[in-house]
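Numbering (my numbering), first residue to last: 237 to 643. Backbone N, C-alpha and C define an ideal beta-carbon position, used for all residues, glycine too. Everything on this sheet refers to the single structure shown next.
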């Protein structure tokens, strides 16, 4: 009974934390638009947009530096080490929880191309550790190493669920990513917390009449026919593997360059200043780049005609779907690699998921243009869903991303 109470409480608290972070990000985005577009003078709008992105990017690295350095980065590799038996002192403290939550919210508010999944996994573990450390009733869990690791394993799954709202896929992904080995008997622990987290998120997603926090909008497609289009999906899978592998190589080169170049090595504020400024300069110029992650995902997954022209920016390329998607792909790959190598709280799965969705949509639109008779039975949005799963699988080397997409 005590285990059930702990796991349920873990799921609820992590969901509440995920909701608080999401609401903070949404409100920071609204505040940015309100401040920038309060003025009608375009050069002033540009300066304010760039200043906002630059200052918040520097703030995102100042938070872990002055509160807790353990908050920087994703947290996923460290959690894998901890679950393998390696000890990292104070890595899951309450201080780290506060620092990572604040830094992650500010980094998203700056408009940087980062994800939440890795940080949410780390935050879920921080919640579990805080419950075991600060509540006498749960103290026996921390004294029993095997039980403690079981609870941390459940917390990792909850962190994934807090990002995607997929209980089964979240549990399987947590196993694939963080576990060197996994006891099947531990699965019920993770599932209890995952379901509690998902139900809490669903129960409170409607904050008020103007703010609705949904991870994804439901998408309906026509029943997919198993015909010669399977070759197009296979080609998309091959392209996704190539894009995923190339992305990882590019990230490695960026990370090595930052660590070895004397002009950038150890200069966290300079790195964040340059990245925040460059990101803001580019995103101000194109409507499609101003869209938030959930907005662009829902537009890409939609079975209707792709329409991004709702983000308040200038329309380029004469409204061409292909050129805008190509621009978005290049931007997302380059600026994600640059952002996730900064000393800030950040994850990679979210941007990679969006990269895959954009690649899939580009493939689907191309397929529709070349084979209009077949395209009538295969929505471009279906290609987008497949691409999101394929590129995510290529980067993370996990099959459970498909389960997350199904859910």
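Hey, residue i and residue j are a contact pair by Cβ (cut 8 angstroms); roughly how many whole angstroms apart?
i	j	result
residue 400	residue 640	5 angstroms
residue 292	residue 251	Actually they are not in contact, since the Cβ atoms of residue 292 and residue 251 sit about 25 angstroms apart, beyond 8 angstroms.
residue 348	residue 575	4 angstroms
residue 548	residue 273	7 angstroms
residue 565	residue 598	7 angstroms
residue 550	residue 509	No, residue 550 and residue 509 are not in contact; Cβ-Cβ is about 25 angstroms, not under 8 angstroms.
residue 271	residue 284	6 angstroms
residue 579	residue 313	The Cβ separation is near 15 angstroms, so there is no contact.
residue 643	residue 402	4 angstroms
residue 342	residue 398	The Cβ separation is near 19 angstroms, so there is no contact.
residue 622	residue 469	6 angstroms
From the DSSP output, in three-state form, read off residue i for me.
i	result
residue 355	helix
residue 608	helix
residue 498	coil
residue 311	coil
residue 424	helix
residue 587	helix
residue 455	coil
residue 615	coil
residue 371	coil
residue 648	A query on residue 648 cannot be resolved here, the shown segment of the chain reaching from 237 to 643 and no further.
residue 242	helix
residue 438	helix
residue 602	helix
residue 268	helix
residue 635	coil
residue 465	coil
residue 472	helix
residue 258	helix
residue 237	coil
residue 489	helix
Count the other C-beta atoms from every protein chain shown that fall within 10 angstroms of the C-beta of residue i, then say buried if there are 16 or more, exposed otherwise.
i	result
residue 505	exposed
residue 635	exposed
residue 358	buried
residue 492	exposed
residue 350	buried
residue 568	buried
residue 605	exposed
residue 353	buried
residue 406	buried
residue 332	buried
residue 507	buried
residue 241	exposed
residue 581	buried
residue 336	buried
residue 325	exposed
residue 474	exposed
With a CB to CB cut of under 6 angstroms and the five nearest residues on each side skipped, what residues in its chain are close to residue i?
i	result
residue 328	361, 362 and 365
residue 512	289, 290, 293 and 346
residue 625	637, 638 and 641
residue 344	261
residue 297	504, 508, 579 and 580
Leaving aside the five residues before and after residue i along the sequence, list all residues of the same chain whose C-beta is less than 7 angstroms from its C-beta, in chain order.
i	result
residue 627	476, 479, 480, 588, 591, 592 and 595
residue 440	255
residue 484	631
residue 378	368, 369 and 384
residue 404	639 and 643
Whose C-beta lies closer than 8 angstroms to the C-beta of residue i among residues of the same chain, with five residues either side of it excluded?
i	result
residue 425	239, 243, 386, 387, 389 and 390
residue 501	494 and 495
Does any residue of chain B have a CB that is nearer than 8 angstroms to the CB of residue i?
i	result
residue 369	Note that chain B does not occur in the displayed structure, where there is just one protein chain.
Item to check | Whole beta strand (DSSP E) elements within the stretch 271-357, 3-residue minimum | outcome: none
Next on the checklist: Ignoring anything shorter than 4 residues, give me the alpha helix (DSSP H) runs that lie fully in the stretch 509-597, in order along the chain.
Outcome noted: 523-526, 529-537 and 557-576
Item to check | Within the stretch 374-411, ranges of the alpha helix (DSSP H) (whole runs, at least 4 residues) | outcome: 375-379 and 381-400
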